[in-house]
Every structure is written in structure tokens, then in C-alpha cells.
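J.: The structure's right below; bear with me while I get my questions together.
Number of protein chains: 2
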Amino acid sequence: MPLSRAKIAATAIRLADDHGLDGLSVRKIAKALGVGPMRLYDYVANKSELLDLMVDAVYAEIAEADQPAEWRATVLAIVHRTRAAALDHEWFADLLGARPRLGPHALAVGEATAAALSQAPGVRGIDDLQRALSVLSAFLTGALRAEVTERRTARSTGTDVTAWQTSLGPYLTRMLDTGRYPTVARLVVEGAHLDAEETFHHNLTTVLDGITRDPRR
Amino acid sequence: MPLSRAKIAATAIRLADDHGLDGLSVRKIAKALGVGPMRLYDYVANKSELLDLMVDAVYAEIAEADQPAEWRATVLAIVHRTRAAALDHEWFADLLGARPRLGPHALAVGEATAAALSQAPGVRGIDDLQRALSVLSAFLTGALRAEVTERRTARSTGTDVTAWQTSLGPYLTRMLDTGRYPTVARLVVEGAHLDAEETFHHNLTTVLDGITRDPRR
DNA sequence: GTGCGCTACCGTACGCCGTATCCATGAGAT
DNA sequence: ATCTCATGGATACGGCGTACGGTAGCGCAC
Chain A
1 MPLSRAKIAA
11 TAIRLADDHG
21 LDGLSVRKIA
31 KALGVGPMRL
41 YDYVANKSEL
51 LDLMVDAVYA
61 EIAEADQPAE
71 WRATVLAIVH
81 RTRAAALDHE
91 WFADLLGARP
101 RLGPHALAVG
111 EATAAALSQA
121 PGVRGIDDLQ
131 RALSVLSAFL
141 TGALRAEVTE
151 RRTARSTGTD
161 VTAWQTSLGP
171 YLTRMLDTGR
181 YPTVARLVVE
191 GAHLDAEETF
201 HHNLTTVLDG
211 ITRDPRR
Chain B
218 MPLSRAKIAA
228 TAIRLADDHG
238 LDGLSVRKIA
248 KALGVGPMRL
258 YDYVANKSEL
268 LDLMVDAVYA
278 EIAEADQPAE
288 WRATVLAIVH
298 RTRAAALDHE
308 WFADLLGARP
318 RLGPHALAVG
328 EATAAALSQA
338 PGVRGIDDLQ
348 RALSVLSAFL
358 TGALRAEVTE
368 RRTARSTGTD
378 VTAWQTSLGP
388 YLTRMLDTGR
398 YPTVARLVVE
408 GAHLDAEETF
418 HHNLTTVLDG
428 ITRDPRR
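See the structure below:
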């Protein structure tokens, strides 16, 4: 079976899913494919192009068309598929926003999002649309990055509260006991029980409400 | 003059400003300080702790206290200082959201932001506060990442429109000419003249308006 | 049939990285 | 004068991305 860009990307994605972006190297991908490292460069100019390939492959998962619906439902669907993809492929969140999204599938997702947003009330012209798109994708990028980061630290310190406290506790409680961070302290002590998905959805609603508010009061 | 964590961080920051995170290595920092590479490990456990040091040093710039003011003015000031820092230190945007923000100065910024947000109308309890903080910082993270990425590609392809068109044009216009991305095409052709800072401010306003809207209609 | 150029593949090698480990030096204590 | 011990340096290891030279196979001109 001959090599191909798609096969390379698929293998790279599997490795990145298992070992993270830091654990991903051209040599390991090649070994997993049973070829010499330099073979990959027959299909790809350099490693960053390979990352672009991986990213666009994930956008392909996100792009699956759903039947046309009201703008808000469409946006919600796309955004939630993106979140699902980022949780499946945590490295995807690391790359989000770090490179121009120009692959064909990324463009398809952008097109669907833009088309839906252009139907939203409060989005009146091309400038409004451009801005709406950029707030939404900024929020999405940041929220997914944060969620993935939190997940990773939870995994590395242990999920339960006691493990977390013993690992970060000494430093953090010392910090908070200085009394210089009262509000943060309150958040740590009294907060922290919110469900991640529900928070994401709530915040997304906040952003969409901001977009659709009437800008002239 | 002996080494110190602060001196190391300052040198690392200068190098990262000049050559980016990819161009930053322990060996180069050591050389710039006129010592052997391994000396740095007397002050730092590993490279990622060094990055944490750098990040918190930037948060120190952001944390400079301003006189107490109305909540929105305070938030605007902090956010705009963060943006300024990210434009001064583009690598900072790469790291934003990628690691837990727990340094003393990062905590100080978090504290000031949380304290201000807790005064905002529509933020009614600790859960509201937690959510408001997370939308805001998700937006901030994503927006800065996007702005820095755009800036970098602009710099690498050349600033003016013609250079951009000749570098990405062939691929992009071919893509857009397929007719599969009409809305994106409109955005590319008719948009693109918006000022970055003004867009940022507008989008920030959108998010803050979303936060302060009355959630019970 | 024979020689030739071209393409497609491959292994080796270079210069870098983070960092573990061992060694030299020399100051201060006894 | 000798011992102790902190300080800084050199070396080395395993891994990285990728440049490059070689070679094996094949279509084709004569």
C-alpha cells in the first residue's frame, strides 16, 4: 500500500492523540508507517505543512453538513462539533488560532459559520459579519484551550480534590493565605463545582447574546 | 554580577522577543549570559519552569495598579495592557492559556480582574463571576492569538496587499473561485480594511455587553 | 541488444536541542 | 597544611528536523 498525504495525516493524528504534540516527531510517524523518515518529505514540504494537514483533517470531521436550520442552531451545532473534536484531539486545541485556517475543510467550516452568522439579528453588513466571526472564533479558541489545559492538569495531578490539593496546595494555599488575592481565594474555595460543558454552553450563549444585541442601544 | 531567576527571565524574554519561542533555547540564553548551559538549572528545574518565569514577568508589566475606578474602566485598562504586552512579546500570546496561570503576578492580575467583574451588573454570585471571568479570558486569549498570528503572516508575506496576493493568491483565489465559499469570498474581497485595535475594542465591548445583559431577559 | 538518462526511493550525516553526570577549582574551616 | 564542600564547566546521551549523495530500476534512442 503506497504512502499518501491522507495516510500520513491519519497516522500522525493517531500518534498525536496518544502522545500529544510534543511526543510527535517525523521519525516516529515514519516508523509507525514502516518507512524511513525522509520518505515523508516526498509528500510534505516540512513538518509544519504536516501539522496543517492534520488540522484540516480534523476540520473535515467538523464540517459534516447538517440540514439547513435557523442561524443559531447552525452555529451551536458547528461550535459543539468543534468542541467535541478538540476534546477528542487535544493537540487540535493547541494549534487552534496558531496558524491561518486555509485548508479546504477549514474554509468549509468558516463558510458555514459565516453564512449562519450573516443571518443573525444585529449583524447588518460585511463589517458586522467580520466582527461577529472574529469574536466567536476568539471565544472558541480561548475556551477550548482553557478547557484542554484544565483537563491536562487535572489528569496529571489526579482528578480528585485531595490529590489536587496535595500537589498544588502547599504553594497555592500559601499564596492565597497572604490575603492579597481575596476574590481569587473565594473563587477557589466556594467555586469549582461547575460542569465544564454547561459552563461552555453558558459562555457561548453570553457571546452570541453580545453579538445579537442591538448595537444602537 | 551573579545569576538570578530574574536576570535569566529578562534575558530569555529579550531573546524570545527577537527570535520567537522557536528560536529560544536554554543554550542560547546561557550563551547570552556568558555562562555554560547547565548553570541555568541551578535556578530552574527545567525549561518549562523557565517559560513560567517569563510569563509571570510579563504579567508583572500588566499588573501595575491603577487607581480604583468604575468596574468597566478597570477591566478595559487591564485588558488593554494585556493586549499591549502580547503585541510587545508575541510569544506571550503563544503561551496564553497553555499553562495554568499561577505565578504571583498572574494571580494579581486575576484578582484585579475578578474584583472588578464582581461589581458588574448582571454578575450576581460566585458562579456568575466564575463564568464572567472565563468568557472574558477565553475571548482575550483567542483574540490575542489571532491578532498575533495575523501579524506574523502579514510580516512574513509582506505587508502590502499585492505581496499578500502573490503569495497566497494562487491557492486562495483558486479555492474561492470554486464558488464553494461565497460568504468567505465576500469577506475577503469586500472586507479586510478594519483596523485591528478598533476591532479588538469593538469585540471586547460585545463580550462585556454579553456579560452584563440581564440573563432573565 | 546495449547503453543512457531520469525518476523514485533510501540511508547517512549534520547541527541543533534539553538535560544527566562527572570533574576541576578554589575558598573557608580546622 | 589538609580536608570539606560549594560552584562552575565540560562532556555525553538520546532525540530532533531535514540536507544531501547514492543507487536501483525503468523507458527509450540507437
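Chain order of the listed sequences is A and B.
If you read the first sequence in the working numbering, its first letter stands for residue 1, the second for the next number, and so on.
If you read the second sequence in the working numbering, its first letter stands for residue 218, the second for the next number, and so on.
For each residue, glycine too, the CB sits at the ideal point set by N, CA and C.
(1) Are B:M271 and B:A229 touching if we call contact CB-CB under 8 angstroms?
(2) Does the beta carbon of B:F309 sit closer than 8 angstroms to a beta carbon anywhere in chain A?
(3) Taking the alpha-carbon positions, what's the A:P68 to A:E197 distance?
(4) Please work out which residues of its chain come closer than 7 angstroms, Cβ to Cβ, to A:V109, disregarding the five sequence neighbours upstream and downstream, and give them in chain order.
(5) Using a Cβ-Cβ cut-off of 7 angstroms (strictly less than) and excluding sequence neighbours within five positions of B:A458, which residues of its own chain qualify?
(6) Counting only Cβ pairs nearer than 8 angstroms, list the residues of chain A close to B:S351.
(7) Check the Cβ-Cβ distances between A:I78 and every residue of chain B, and say whether any is below 8 angstroms.
(8) Mind listing which residues of the stretch 261-280 of chain B have their C-beta closer than 9 angstroms to chain A's C-betas, in chain order?
(9) Under three-state DSSP, which class holds A:R213?
(10) Applying a beta-carbon distance threshold of less than 9 angstroms, which residues of chain B neighbour A:D209?
(11) Mind pulling the chain A residues with CB within less than 8 angstroms of B:D344?
(12) Expressed to the nearest angstrom, what Euclidean distance is found between the alpha-carbon atoms of B:R231 and A:M175?
(13) Between A:E150, A:S156, A:K28, which has its C-alpha nearest B:P317's C-alpha?
(14) What does the Cβ neighbour count give for B:E364, buried or exposed, with the cut at 16 atoms within 10 Å?
(15) Would A:G34 and B:Q347 qualify as a contact pair, given that the criterion is a beta-carbon distance under 8 angstroms?
(16) Would you kindly report the start and end of the unbroken alpha helix (DSSP H) that includes B:M271?
(17) Starting from B:D344, trace the alpha helix (DSSP H) in both directions and tell me its first and last residue.
(18) What does a CB cutoff of less than 7 angstroms around B:T429 pick up in its chain, not counting 5 residues either side in sequence?
(19) DSSP state of B:Y260, grouped into three classes?
(20) To the nearest angstrom, how far is it from the Cα of B:G396 to the Cα of B:T390?
T.: Judging by the given coordinates:
(1) Walking along the second sequence from the start, residue 271 of chain B turns up at place 54. Walking along the second sequence from the start, residue 229 of chain B turns up at place 12. In contact: B:M271 and B:A229 (Cβ atoms closer than 8 angstroms).
(2) Taking the first residue of the second sequence as position 1, residue 309 of chain B is located at position 92. By this cut-off, B:F309 is not an interface position.
(3) By 1-based counting over the first sequence, the position of residue 68 of chain A is 68. By 1-based counting over the first sequence, the position of residue 197 of chain A is 197. Spanning the two alpha carbons is a distance of roughly 25 angstroms.
(4) In the first sequence, residue 109 of chain A corresponds to position 109, counting from 1. Answer for A:V109: Y59, I62, A63, I78, listed in chain order.
(5) What is shown of chain B runs 218 to 434, which leaves residue 458 of chain B out entirely.
(6) As a first step, residue 351 of chain B is located in the second sequence; it is residue number 134 there, counting from the start. Correct list: A143, A146, T199, N203.
(7) Taking the first residue of the first sequence as 1, we reach residue 78 of chain A at position 78. A:I78 does not count as touching chain B.
(8) none
(9) Counting from 1 along the first sequence, the entry for residue 213 of chain A is found at position 213. Reduced to three states, the DSSP call for A:R213 is coil.
(10) The count along the first sequence starts at 1 and reaches residue 209 of chain A at position 209. Chain B residues near A:D209: D426, G427, R430, P432.
(11) One-based indexing of the second sequence puts residue 344 of chain B at position 127. Simply G191, L194.
(12) As a working mapping, residue 231 of chain B is identified with position 14 in the second sequence. As a working mapping, residue 175 of chain A is identified with position 175 in the first sequence. The straight-line gap from Cα to Cα measures roughly 28 angstroms.
(13) Position 100 of the second sequence, counted from the start, is the residue given in the question as residue 317 of chain B. The shortest C-alpha separation from B:P317 is found at A:E150.
(14) Here residue 364 of chain B corresponds to residue number 147 of the second sequence, with the count starting at 1. So B:E364 counts as buried.
(15) Position 34 of the first sequence holds residue 34 of chain A. Position 130 of the second sequence holds residue 347 of chain B. Contact flag unset, no.
(16) By 1-based counting over the second sequence, the position of residue 271 of chain B is 54. Taken as a continuous stretch (DSSP letters only), the alpha helix (DSSP H) holding B:M271 covers 264-280.
(17) Looking up residue 344 of chain B in the second sequence gives position 127. Segment 343-374, the alpha helix (DSSP H) holding B:D344.
(18) Taking the first residue of the second sequence as 1, we reach residue 429 of chain B at position 212. These residues qualify, in order along the chain: A337, P338, G339.
(19) Mapped onto the second sequence, residue 260 of chain B falls at position 43. Coil.
(20) Here residue 396 of chain B is taken as the residue at index 179 of the second sequence, counted from 1. Here residue 390 of chain B is taken as the residue at index 173 of the second sequence, counted from 1. Rounded to whole angstroms, B:G396 to B:T390 spans 10 angstroms at the Cα level.
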